[in-house]
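Shown next, in structure tokens, is the structure this report addresses.
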Amino acid sequence: MQLKTYFLTSEISPFSETSFLSHFSKNIPIHLQQKDQDIRITSPKYGFISERKYILREVIRLREIECKIGGEMIKSSAKSAFIPKTRVQVYFMEHPDWFQPLTPLLYKSRNGRILSDNSDRFGFFSKMGLAMLTDLFWCPDIVICNSWQSATVPLLNNQIYSGVEFYKGIQTVLLIHSLDENAVIPSDTYDKLGVKLPDSITDGEVNSLVVGALAADLVIAVDSPEAEISKQLAEHPAFKPHYSAIKRKLKKLKVLDDSTASFQSAAGDLDSLLRKLAS
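Here you go:
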């Protein structure tokens, strides 16, 4: 069975990279495609990404994508390219304010401070990433959400999109790559996106990974050279009160290093988890 997988990531080598996530986002889809998955990636088109170097092409049906954020209809667009030397397709989401001005640091200013509007930026990315599926005329079986940058997707899917005929049956998988402070966002981020937080979460600032994990169909802790997330979740202050609810759908994925063999092995394990979820 060919599995249709939609892979959302904020960074992907060689286009953008600040962490191991960029290498994961490049290599795992390559190996999943080799396992008969129809996999497509969406990532932001940052201003520093060269359209000429990477041959980004206009997609007529993606010239104008819309979704409602903060009570207003917001427009975006996307162009298409491939991971170099592969046939893995990447859609680059464009927006003049949210993505174009960013430096290669992505989440920080040049002086090292975390950008205060990260939650709104990647909330926009997450909702628009789901909205553009109808413009693609392509409905995936599974949406993979990588870390805090797309952690709002499971709740968006459950509360807004799953009720729309086109989206029915889509399942969401949250991959947790890190537990850094970027995951903590203002609760009104969810109000702007048009969704309601679970009753168990009442703080003014919330951990988006916890919210995403509660809403996702499957949660995967990624143990990489940067961090062994599976060993940290149970005792993490934000996860601890909700761990029993998350544990039943929690799996772990080990990526030993950035070698081809390691990514190939991890992709095999991930493929098995995804196919079991979709069956």
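According to my numbering, the stretch in the sequence shown is residues 1268 to 1546, in order.
Beta carbons are placed, not taken as given, at the ideal position from N, Cα and C, and that holds for glycine.
Closest by C-alpha distance to residue i, when choosing among the options
i	options	result
Val-1462	Val-1410, Phe-1359 and Lys-1394	Lys-1394
Phe-1349	Thr-1309, Asp-1525, Gln-1301 and Glu-1472	Thr-1309
Leu-1275	Ser-1539, Arg-1542, Asn-1413 and Ile-1341	Asn-1413
Leu-1517	Pro-1363, Asp-1466 and Val-1440	Val-1440
Leu-1400	Val-1431, Gln-1426 and Pro-1371	Val-1431
Ser-1317	Ser-1286, Pro-1371, Ile-1297 and Cys-1334	Pro-1371
Ala-1450	His-1503, Ser-1429 and Ile-1279	His-1503
Lys-1375	Asp-1303, Tyr-1273, Gln-1531 and Ser-1286	Ser-1286
His-1290	Ser-1546, Ser-1526, Leu-1422 and Ile-1411	Ser-1526
Gly-1337	Thr-1456, Ile-1452, Ser-1491 and Arg-1515	Thr-1456
Asp-1402	Asp-1447, Leu-1329 and Leu-1500	Leu-1329
Thr-1419	Trp-1405, Ile-1452 and Cys-1406	Ile-1452
Ile-1295	Ser-1491, Phe-1404 and Ser-1511	Ser-1491
Nearest-angstrom beta carbon gap, residue j and residue i [assumed within contact, 8 Å]
i	j	result
Leu-1460	Gly-1379	About 28 Å separates the two Cβ atoms, so there is no contact after all.
Leu-1544	Asp-1484	6 Å
Asp-1408	Leu-1270	6 Å
Ala-1345	Ile-1332	7 Å
Leu-1299	Ala-1534	5 Å
Leu-1520	Val-1489	5 Å
Pro-1363	Pro-1281	Rounded, the Cβ-Cβ distance is 24 Å, inconsistent with contact.
Val-1357	Ile-1297	Going by Cβ atoms, the distance from Val-1357 to Ile-1297 rounds to 11 Å, so no, they are not a contact pair.
Asn-1424	Ile-1411	That belief does not hold up - the Cβ atoms of Asn-1424 and Ile-1411 are roughly 12 Å apart, past 8 Å.
Thr-1272	Asp-1305	7 Å
Glu-1361	Ser-1343	6 Å
Phe-1359	Leu-1397	Their Cβ separation, rounded to whole angstroms, is 16 Å, which puts Phe-1359 and Leu-1397 out of contact at 8 Å.
Gln-1458	Lys-1302	Gln is not the amino acid found at residue 1458; the sequence shown has Asp there. Going by Cβ atoms, the distance from Asp-1458 to Lys-1302 rounds to 40 Å, so no, they are not a contact pair.
Residues near residue i by beta carbon distance below 7 Å, same chain, minus five either side
i	result
Ala-1494	Ser-1445
Trp-1365	Arg-1388 and Phe-1391
Lys-1293	Ile-1279, Ser-1280 and Ile-1350
Glu-1325	Lys-1346
Gln-1499	Leu-1446
Residues that DSSP places opposite residue i in a beta bridge
i	result
Pro-1453	Glu-1472
Tyr-1358	Thr-1309 and Ser-1347
Ala-1398	None, per the DSSP bridge assignment.
Val-1486	Leu-1441 and Leu-1517
Cys-1412	Leu-1275 and Leu-1441
Glu-1325	Lys-1346
Leu-1270	Gln-1304
Glu-1339	Ile-1336
Lys-1435	Beta-bridge pairing links Lys-1435 to no other residue.
Lys-1375	Ile-1381
Residues of its chain near residue i, where Cβ-Cβ distance is below 6 Å and the 5 sequence neighbours each way are ignored
i	result
Gly-1471	Ser-1454
Ser-1529	Val-1522 and Leu-1523
Ala-1505	Asn-1474 and Val-1477
Tyr-1313	Ser-1283, Phe-1366 and Leu-1369
Tyr-1321	Ala-1348
Gln-1416	Ser-1277 and Phe-1389
Tyr-1547	Past the boundaries of the shown model lies residue 1547; the chain is included only from 1268 to 1546, so the question cannot be answered.
Neighbourhood of residue i by C-beta, 8 Å cutoff - its chain only, sequence neighbours within 5 removed
i	result
Leu-1509	For the sequence presented, residue 1509 should be read as His rather than Leu. These residues qualify, in order along the chain: Ser-1467, Val-1477, Ala-1480 and Leu-1481.
Ile-1341	Glu-1333, Cys-1334, Lys-1335, Phe-1391 and Met-1395
Asp-1536	Leu-1520 and Lys-1521
Gln-1531	His-1298
Within-8 Å CB hit, residue i to chain D
i	result
Lys-1352	Included in the structure is just one protein chain, with no chain D present.
Query - Those runs of the alpha helix (DSSP H) which lie wholly inside the region 1490–1529 and span at least 4 residues - result: 1496–1499 and 1510–1514
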